[in-house]
Structure formats: C-alpha cells, structure tokens
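Quick mapping for you: the protein sequence lines, in order, are chains A and B.
Using my numbering, read the first sequence as starting at 1 and increasing by one per residue.
Using my numbering, read the second sequence as starting at 1001 and increasing by one per residue.
Structure, as structure tokens:
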Amino acid sequence: MIDLLKESFRKFENHLNGSGKGHWHQLRKEALSAFSSHGFPKSKDEEYRYTPIGRKLEKAIDFSNIKPIAEHRAQGEKQLFHDADAIHVFINNNAIHIGSLNELDVNGIDILSLNTASKKFKGEVESHFGKYANVRKDSFTALNTAFSYEGIFVKVSKGAVIEKPIILHYGSDDSATTNFFQTRNLILVDPGAHVTIIESYTADYSDVQYSNHVSELVVGENAHVNYYKFQNQGGEDFHIDNSFISQHRDSVVKAYTFTLEGKIVRNNLNISLEEENCEAHMFGLYVVQNDGHVDNHTAVDHKVANCYSNEIYKGILDDNSKGVFNGKIYVRPDAQKTNAFQSNKNILLTDTASANTKPQLEIWADDVSCSHGCTTGQLDEEQLFYLRSRGISQSSAKAMLLHAFVNDVVDKIEIDFLHDFINDEMYNRLD
Amino acid sequence: MLKIKDLCAEIEGQQILKGINLEVHAGEVHAIMGPNGSGKSTLASVLAGREDYDVTAGEVEFLGKDIMDLAPEDRAREGIFLAFQYPVEIPGVSSNNFLRTAVNQIREYKGEEPLDAVHFLKLMREKMALVEIDQKLINRSLNDGFSGGEKKRNEIFQMAVLQPKLAILDETDSGLDIDAMRIVANGVNKLKSKDNATIVVTHYQRLLDYIVPDFVHVLYDGQIVKSGDKNLALELEEKGYDWIKAELSNPIS
C-alpha cells in the first residue's frame, strides 16, 4: 500500500510543476512520511480501538490513484439546502465549483479555492495551513495533508458580521473517477467577526464513497463562529473527519455534529482554547440504523484560565448499529477557574445495538469546575405506557420520547432550515 | 358497561388478583377501597393494559367487547381512562403536542376527522376552565417538575379533554391537600354524566365526601370481599380494615 501511495505522490508532485517547493510542499512531504511510517490505525491503536477502519480502507481504496482535489467546473446545485437563503459553495467530484465562488460577492468575506488563496493570501495560508492539523497524531490527517492541493479557504474580515450562513455542499456526480475523496478547509475568522458555516454531506450515490476531510478553523479575538457538520450521505459510505479549532481571547464557538447516515463515520473534533475567556460548545447528535457505526472523538484543551466548555452528545442506536463516544477534556496547570462540562447519552432501540462511551478528563489545575456524565439505556417503559394509556400508538409514543430525548440538542440549532429539516427528519425516522 | 369475571393476575409469578368479579353500568360511581397491598392498583393497571402483569384467568368485557387482548392505546381509544397514582414526568414532550396526538389518534380510531388547531385550542380552553388548571402548566413539558397536586390535576384535565366512557382514578387523592382534593373532585363531578362511569380507587374515605359513590367495594387479598353503598366507606373510616379481616378469618360470626 505504501509503495503505491508513494507512486501516487510522485505523480502528484509532477503535476505541481513550480509549486512543488516551498512551505506547503514541505508539509506534504512530512505528512507522507508520517503516514508511511504508521499507515492506517490498527485495531490495537487506542484511539481507534472501537472503530477498526484501517483494514477495510486498505482493501477498498485504490492507492495507485490517489488524486488531489482540483479546480473544476462541477455542477451540483440540486443538493439538499441548495435553495436555502445562504451563501452556497459546491464541492463535487474532488473539485470545487469555482463558478459558484466567483459569483459570491459578500462584503467582509473572501471565499476562495485554497490554491488560489495560497497566492492571494500567501502570508495567512503559510502561517496557518497545517499548523493545527497535526500529522503526527492522526494518520488520516497525515494522508489528507500529503495530498492537499485544493480546498476551501474562507476569510472573514475583522468585525464583519455575515448574516447568511455559508453552506459548503459536498457531493459527487457520475463522472467521479475515484471512490476516495479528500477535502481540506482553512477558515480564518478575524477578530470581532461573526459567521456561520455549514458543511453539508448529503449526496447518496450508488457507488460506495470513502472520504477523508480535514478542516482548520482559527477564531480570532472576540469572534463568534457557529460551525455545523451535517452528515447524511449514503448508508454504505465511509466518512472520516478531522476538525481543528483554535480559539483566541473572548471568542465563542458552537460546533454541531449531526450524523444521520453512513456506514462508518468517524469525527475527531479538536478545540484548543489558547487564550482567556473563551467559550466552546459542542453539540452532537447521531441517529444510526442498520449496521451503521458512528464514532465521535472530541477533545477540548483548556490551556489557559477562565474558559468555559460545554458538550452534549446524544445518540439513538437502532438495529445492529454502534455508537462510540470519547470525550477528552484537558485542563492544563495554568487553566485555573476552568468550567468544563460533558454529557453523552445513548438510547438503544434493540438488543443488538451498542454504545461505547468514554469520558476522559485530565486535569492538572486545582481550582476548576468539571463534570461529566454518560448514560446508555432503553426507552423508559413507564413513560411509554403512560403515553399509550392516553390512546397514542406505540410507534408514535416511541417517536415522541425519542424526539424529547434529542430535543435539547436539536433546539440548539440556530439555523431555521437546518433545525426544521432535522426536526422533521427525526419525526419521519422515529415514527 | 364493564363486566369483570373471575379476573386473576400475577406479576413475576406472584398472584395479586385472585378472582375479581365486578359489574359497572353507565352513570355509576364505584369506589374500590382496601388496605395497602390488597391489589387495588393492580386492578386499575390490569384494566388499563399495563404489560407488567400476566392475566392468568378471567374475562373483562367493556361495552360488550373482550378487551384483554387489546393494546393499552386501543383500550384508551375504546374509552377507558386511567388517572395514574404516580403520573410520570416526561421532559421534552409538550403537553399540547401530547394531548393533540392523543385526541386525534382516538378520533382516527373512531373514524372521525382530526381536530384542527383552532378547534383543539377551543377544546383545551374549555376544559382548562372546567378543571381549573393554569395555562402555564399546559405550556410546560408533560408533568415536568409538577408538584404532586399539579400532576393529579393534570390527570383530571387529560380526562376532561379525552372524555372517556370509563374513568379509573387510582388513588388520585393520595398526597393531596383539601383544596387540591376539592378541585380534583369538582372536576370529576362536572365530567360525570349518565353515559359514563367512574371507578375511584382509594385508601381513604375522605375523597368520597366529595365524589359520592353509588357502590363501595372492599378489596382484600386479591378479591372483593364486601360490597355496599356509601355507608360502607364511612364504616371503614371509623373502624379501619381490621374488622373485615376478622370477619373473613372467622366467617361464622
């Protein structure tokens, strides 16, 4: 596998022409060597113990044909939410629909392809790209970085308040020449800016898709970012996501991860609180059916004092599905007066569904308030009987209870069309 | 309306009901009294269809239909209502949505058109006034954080909205102060008609000052051992249950 991969990398280098030098390419080479020495995670790797994905990917992916994402006029306007009142960007078939970028003209925001940005915003890209996405820690991040070429670059100017959400629509069309996608985002939110970004994965094609996404977000002082991931792709698809968020003083981030479909989905959400008085919220919801497998690994790193983090993840696991949750909270020695909360709750709808949940708090400071809780169980029989005794059918009663279960996450969604879609989807799924 | 014949039920292998016989007609109020552990709440639960209990023998006919094989929701749709001894809290389920779903699924079962939002709201307002319940409670999640009295009042409110033919009140009075009990009883009395019937399961006679029963039955060790009119309740209040126990162990006297 590694030999084939290196061959792909050489082909890639040849295509880079003059840009195969410099800082970025150095990162690529480091990433390739990091991946080559480690390969995909093995089942004995603690971080991937419950999600043994490596072997499956080794078999499924054509390593001789790994291609970087390209600029390309791709059409994809028929995706879910395409008609929402939002700023739309389409990423199709390993290609960004640059047409959609050119048409954007919103004050206070630049949305470019990453490669274009590396020239136009050379300084910013060089100082931030690859700085947060650690290729030594996660082999998927390494593989992504090794072949990074194109992606989405978003820069929100100082003080700009972007009213409309930005939707990054990820999909594929029938001209796809590979089943393996790697996409990359670099999002820089300057001080005092407000922005909402939605990554929407909704395409469902007959061929199984394997995708490996990496995003880096830098949130400036006093900036506010709402960052949504909406994962509703095909039920046979593999989806790996690594997101790295770096927060500066007084900033507020709300990160939402909704997983409604997928064969194996693994999300690594990493938030680093670099300066004081930051607030980080993480809301997660996964509703899994058949033999779907959804794994959320989150890590929030309190590096300094007086920050707040709050995390609520909820899962409904049906059929033979499996949910995995690992929540790390690091409170460094200097991070006094930290407030950190974490909760993971799962409902198992069948005897064959399962959940593995592991809170992992590492606290080196002594004046902090931290708590965590996790529960896994079935629906409450007493509540079910109560509802049924009023004439409500068993299936409606279950739907009501499950809806109530997810409500405190669903109600946190601040975007109406997304809230309504997920709300309706919950009713349709659960009734 | 309701005919119970030799009803036996057990839970986890332990027999609780040991041959209950009871007949209730439209327009009647029956009180079922008895010491703790005699099977009163079990009887109420079995009638409502709680699945924890195994019915081992006997028949229950409601409006000419055998209901023992019906799911709890279908019994409710046929017109049976159980006011719970301990109504459960269901955070996240709005009272409004809950009741509207219940009303419309019952209507659907009967082949009636669903109530639209306007008519449903009208029904709610009317019944809220009838049972003196505060709109604020209805705006909250179902029973969520309600006091004991508020929960019981909400049971009566649901009963008013769903308009059952047979209401079974399972110790609705327990834990209520006099004012709350009066309001609950008042609600029950207002809902009474010649077409519906009420079974009041209670440990105390006091509720029966407010909801006057036509018949009083004493349940003891899984059987109805004595029946009478409202005076039986007064006698029980005065003498306790011991004389009945004594009477049973020594039938000659």
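Each residue gets a CB set at the ideal place from its N, CA and C atoms; glycine is no exception.
Is residue i buried or exposed, if buried means 16 or more other CB atoms sit within 10 Å of its CB?
i, result
"residue 15 (chain A)", "exposed"
"residue 317 (chain A)", "buried"
"residue 199 (chain A)", "buried"
"residue 384 (chain A)", "buried"
"residue 1114 (chain B)", "exposed"
"residue 296 (chain A)", "buried"
"residue 10 (chain A)", "exposed"
"residue 155 (chain A)", "buried"
"residue 1135 (chain B)", "exposed"
"residue 24 (chain A)", "buried"
"residue 1014 (chain B)", "exposed"
Taking only the alpha-carbon atoms, compute the straight-line gap between residue i and residue j and give it to the nearest angstrom.
i, j, result
"residue 73 (chain A)", "residue 228 (chain A)", "Bear in mind that the predicted position of residue 73 (chain A) carries a pLDDT of just 47, short of 50, making it unreliable; the figure below should be weighed with that in mind. Each residue's alpha carbon lies about 25 Å from the other."
"residue 1178 (chain B)", "residue 162 (chain A)", "59 Å"
"residue 193 (chain A)", "residue 245 (chain A)", "15 Å"
"residue 209 (chain A)", "residue 237 (chain A)", "5 Å"
"residue 222 (chain A)", "residue 54 (chain A)", "40 Å"
"residue 345 (chain A)", "residue 1088 (chain B)", "20 Å"
"residue 322 (chain A)", "residue 26 (chain A)", "39 Å"
"residue 1110 (chain B)", "residue 1074 (chain B)", "11 Å"
"residue 1221 (chain B)", "residue 427 (chain A)", "45 Å"
"residue 40 (chain A)", "residue 1053 (chain B)", "53 Å"
"residue 1005 (chain B)", "residue 1058 (chain B)", "5 Å"
"residue 145 (chain A)", "residue 382 (chain A)", "51 Å"
"residue 1081 (chain B)", "residue 1048 (chain B)", "7 Å"
"residue 1197 (chain B)", "residue 1027 (chain B)", "5 Å"
"residue 267 (chain A)", "residue 157 (chain A)", "28 Å"
"residue 331 (chain A)", "residue 7 (chain A)", "43 Å"
"residue 34 (chain A)", "residue 151 (chain A)", "21 Å"
"residue 434 (chain A)", "residue 167 (chain A)", "Only positions 1 to 431 of chain A appear in the structure, and residue 434 (chain A) is not among them; the question remains open."
"residue 355 (chain A)", "residue 1064 (chain B)", "48 Å"
"residue 1124 (chain B)", "residue 83 (chain A)", "38 Å"
"residue 403 (chain A)", "residue 347 (chain A)", "11 Å"
"residue 1203 (chain B)", "residue 1033 (chain B)", "6 Å"
Going along chain B in order, which residues have a C-beta closer than 7 Å to the C-beta of residue i?
i, result
"residue 392 (chain A)", "1073, 1101, 1102, 1105"
"residue 423 (chain A)", "Under the 7 Å cutoff, chain B gives no residues; its nearest Cβ is about 12 Å from residue 423 (chain A)."
"residue 147 (chain A)", "Going along chain B, no residue has its Cβ under 7 Å from residue 147 (chain A), so there is no contact; the nearest lies around 44 Å."
"residue 404 (chain A)", "1090, 1091, 1092, 1093"
Which bits of chain A does residue i rub up against, with CB to CB less than 8 Å?
i, result
"residue 1162 (chain B)", "390, 391"
"residue 1182 (chain B)", "Ordered by position in chain A, no residue passes the 8 Å Cβ test against residue 1182 (chain B), which lies about 25 Å from the chain."
"residue 1077 (chain B)", "391"
"residue 1062 (chain B)", "Those within 8 Å of residue 1062 (chain B) in chain A number zero; the least Cβ separation is about 14 Å."
Kindly list, in the order they appear in chain B, the residues whose Cβ is closer than 8 Å to that of residue i.
i, result
"residue 396 (chain A)", "1101, 1105"
"residue 407 (chain A)", "1092"
"residue 386 (chain A)", "1084, 1087, 1088, 1090"
"residue 383 (chain A)", "1088, 1090"
Please state whether the Cβ-Cβ distance between residue i and residue j is less than 7 Å.
i, j, result
"residue 1218 (chain B)", "residue 1225 (chain B)", "yes"
"residue 406 (chain A)", "residue 285 (chain A)", "yes"
"residue 391 (chain A)", "residue 1077 (chain B)", "yes"
"residue 1205 (chain B)", "residue 1018 (chain B)", "no"
"residue 307 (chain A)", "residue 361 (chain A)", "no"
"residue 147 (chain A)", "residue 61 (chain A)", "no"
"residue 374 (chain A)", "residue 357 (chain A)", "yes"
"residue 217 (chain A)", "residue 129 (chain A)", "no"
"residue 305 (chain A)", "residue 275 (chain A)", "no"
"residue 299 (chain A)", "residue 142 (chain A)", "no"
"residue 1127 (chain B)", "residue 1161 (chain B)", "yes"
"residue 91 (chain A)", "residue 170 (chain A)", "yes"
"residue 1083 (chain B)", "residue 1169 (chain B)", "yes"
"residue 213 (chain A)", "residue 241 (chain A)", "yes"
"residue 1151 (chain B)", "residue 1143 (chain B)", "yes"
Looking at the ligand COA, does it come within less than 6 Å of residue i, judged from the CB to the closest heavy atom?
i, result
"residue 1090 (chain B)", "This structure lacks the ligand COA, and indeed carries no ligand of any kind."
Would you mind telling me which residues of chain A sit closer than 7 Å to residue i, beta carbon to beta carbon, in chain order?
i, result
"residue 991 (chain B)", "Lying before the first or after the last residue shown, residue 991 (chain B) is absent from chain B, which here runs from 1001 to 1253."
"residue 1044 (chain B)", "Chain A residues near residue 1044 (chain B): none, gap ~11 Å exceeds 7 Å."
"residue 1048 (chain B)", "389"
Along chain B, which residues have their Cβ under 9 Å away from the Cβ of residue i?
i, result
"residue 426 (chain A)", "Ordered by position in chain B, no residue passes the 9 Å Cβ test against residue 426 (chain A), which lies about 12 Å from the chain."
Using a cut-off of 9 Å between C-beta atoms, extract the partners of residue i located in chain A.
i, result
"residue 1098 (chain B)", "387, 390, 392, 400"
Within the stretch 235-299 of chain A, ranges of the beta strand (DSSP E) (whole runs, at least 3 residues)
238-247, 252-259, 264-273, 279-288
Which parts of the stretch 171-217 of chain A are runs of the beta strand (DSSP E), unbroken and 3 residues or longer, counting only runs that do not cross its ends?
180-189, 194-201
Please list the segments of the alpha helix (DSSP H) lying wholly inside the stretch 357-424 of chain A, counting only runs of 4 or more residues, in order along the chain.
381-388, 394-410
At 4 residues or longer, what runs of the alpha helix (DSSP H) sit wholly inside the stretch 1184-1234 of chain B?
1207-1210
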